[in-house]
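Working notes for the structure below.
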Amino acid sequence: MPQTIERDGALSFTVTAGSGDRPVLLVHGFGSNYAMNWEAPGWPWALRAAADRIIGVDVRGHGASAKPHDPASYAPEALVGDLVAVLDAVDAAQVDVVGYSMGARLTWELAVRHPERVRRAVLGGFGPRPLTEDDPDAFVAAIAFAAQLPGNDIEALRACAKGQAAHPFDAAAGVPTAPLLFVAAEGDGLADGVEDLAAGGAGGAGSEVVRLPGRDHRTAVSAQAFKRAAVEFLSG
Amino acid sequence: MNQPNTGPQQPSNTTTFTLPDLGEGLVEATVLTWLVAPGEQVVRNQPLVEVETTKSAVEIPSPHAGTVAALHAEEGAVLAVGADLVTFEVAGAPAAGIVGTVPVDDAKPQRRVRLRPPDEG
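As they're listed, the protein sequences go chains A and B. Sequential numbering from 550 applies to the first sequence in my numbering. Sequential numbering from 632 applies to the second sequence in my numbering.
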């Protein structure tokens, strides 16, 4: 059952039973939520070999969490603070993290700002070229697609996109010390340049990139090759 | 390993699972990848197939334990909600070696499937 904590409004998360010795935090993509991004594509089942507790959060503006309409509420610092608050709430001192798309960017930020909390991280559907209002077509298209998904609040999503675009991703600002694995569909435009990012020292001595043939940004999430790569990496 | 084929005397040993309602008003889905094959034994909640809708990609878990008898769609096929997906033999599987009757729970033909495992919390 989802639980909530108060952090500038309700923050919703789900935690499975288990000893908590090997917790995995799952951070979903823009316009999605924990259930849609991770549960429905079968991730809890897939991760049973690599995790004994799964912590799934609804990022602010999504799912059952609060949906403020001011972009400042969605600064990466605030969203990362939400993730830390959830980890604190479930007494998870250190976790493995799997993030997808926007969630991968937040995972990177979490690992940079709170390196002691992240053991290993898998970043899916993510590259160094941030989605910004400089690319209005892609920006508007992402919001329009997300807006038609059930339960979404388009004003909150617009604020979420703007709030993060105001702080564009910048690998030069800090690189995680935790080992990283990058996974993306072949031809996923949102992951353009991920090979360069991985080769540039992210995660130490060069990170692996797994590309998924025959998939796109949306269908990559359920791919068995993605899950196998994540399980293998997190079992290391 | 397999128990003798009991044939048409016990038609309830075979049950066909249809594409469940995926919610959100979706009426069809495209088969992306089969995760099981005919002859394979599956446990309840084991992923059977990945399907893609206009909104997302999801895995459909098995509603019961049994042996996969037939898959009813090719990868790439578009299926309507309610179309045949998988036929299972539910007798004698998967607990090979245990003598007894099939649990009634596993034989309900109209079982509705959840798109995610039961809440473990």
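Using N, Cα and C, we set each Cβ at its ideal position, and we do this for glycine too.
From the options, residue whose alpha carbon lies closest to that of residue i
| i | options | result |
| --- | --- | --- |
| R666(A) | A641(A), L655(A), A687(A), V689(A) | A641(A) |
| T563(A) | A670(A), L574(A), A653(A), I703(A) | L574(A) |
| G738(A) | P728(A), V780(A), S581(A), A691(A) | A691(A) |
| A705(A) | V576(A), Y623(A), G591(A), E781(A) | Y623(A) |
| A670(A) | P551(A), A660(A), A715(A) | A660(A) |
| G674(A) | G580(A), D637(A), V770(A) | V770(A) |
| G648(A) | D683(A), Y583(A), R678(A), A595(A) | Y583(A) |
| E683(B) | D715(B), V709(B), E655(B), G713(B) | V709(B) |
| G578(A) | A693(A), A598(A), A566(A), L655(A) | L655(A) |
Beta strand (DSSP E) segment containing residue i, residue limits
| i | result |
| --- | --- |
| E715(B) | It is worth fixing the name first, because residue 715(B) is Asp in this sequence and not Glu. Note, D715(B): beta strand (DSSP E), 715-720. |
| R668(A) | 667-673 |
| P572(A) | 572-576 |
| F648(B) | 645-649 |
| P692(B) | 688-692 |
Beta-carbon contacts of residue i that lie in its chain and below 6 angstroms, excluding the five residues immediately before and after
| i | result |
| --- | --- |
| P685(A) | none |
| G558(A) | A615 |
| D750(B) | Confidence in D750(B) is poor, its pLDDT being 46 and thus under 50, which makes the residue's placement unreliable; the coordinate value appears in the next sentence. Nothing listed; no residue qualifies. |
Continuous alpha helix (DSSP H) stretch holding residue i: start and end
| i | result |
| --- | --- |
| W594(A) | 592-595 |
| D745(A) | 743-748 |
| Q697(A) | Note, Q697(A): premise wrong, no alpha helix (DSSP H); not H, not E. |
| A740(A) | No alpha helix (DSSP H) contains A740(A), which DSSP labels as neither H nor E. |
| G630(A) | 625-638 |
| R707(A) | 703-714 |
| R654(A) | 651-662 |
| E518(A) | Outside the shown range of chain A, which is 550 to 785, sits residue 518(A), and nothing can be said about it. |
Close Cβ partners of residue i (< 8 angstroms) along its chain, the five nearest in sequence each way excluded
| i | result |
| --- | --- |
| L560(A) | T553, I554, V606, D607, R609, S614, A615, D631, A634, V635 |
7 angstroms CB neighbourhood of residue i in its chain, flanking five on each side removed
| i | result |
| --- | --- |
| G723(A) | V661 |
What are the residues in the segment 666-688 of chain B lying within 8 angstroms of chain A by C-beta distance?
L666, N676, Q677, P678, E681, E683, K686, S687, A688
The segment 724-732 of chain A in contact with the segment 773-784 of chain A per 3-pair CB rule at 8 angstroms:
yes
Interface residues of the segment 753-782 of chain A facing chain B [CB-CB below 9 angstroms]
G763, R764, R767, T768, A769, V770, S771, A772, Q773
Is there contact between the segment 601-620 of chain A and the segment 698-708 of chain B, where contact requires at least three CB pairs shorter than 8 angstroms?
no
Got a sec: which bits of the segment 642-667 of chain B sit with their beta carbon under 8 angstroms from any beta carbon on chain A, in order along the chain?
Answer in chain order: G654, E655, L663, T664, L666.
Quick test of the definition: if touching needs 3 or more C-beta pairs under 8 angstroms, does the segment 697-712 of chain A touch the segment 597-604 of chain A?
Of all C-beta pairs linking the segment 697-712 of chain A to the segment 597-604 of chain A, fewer than three are shorter than 8 angstroms, placing the two stretches out of contact.
Does the contact criterion of 3 or more C-beta pairs under 8 angstroms hold for the segment 581-593 of chain A versus the segment 659-679 of chain A?
no
May I ask you to verify whether the segment 769-780 of chain A touches the segment 701-720 of chain A, counting CB pairs closer than 8 angstroms and requiring at least 3?
no
Residues of the segment 586-602 of chain A with Cβ closer than 7 angstroms to any Cβ of chain B, in chain order:
E588, A589, P590, G591, P593, W594
Given 8 angstroms, three or more beta-carbon pairs between the segment 645-655 of chain B and the segment 688-704 of chain B
yes
Under 8 angstroms, CB to CB, which of the residues in the segment 687-713 of chain B have a partner in chain A?
Listed in sequence order: S687, A688, V689, E690, P692.
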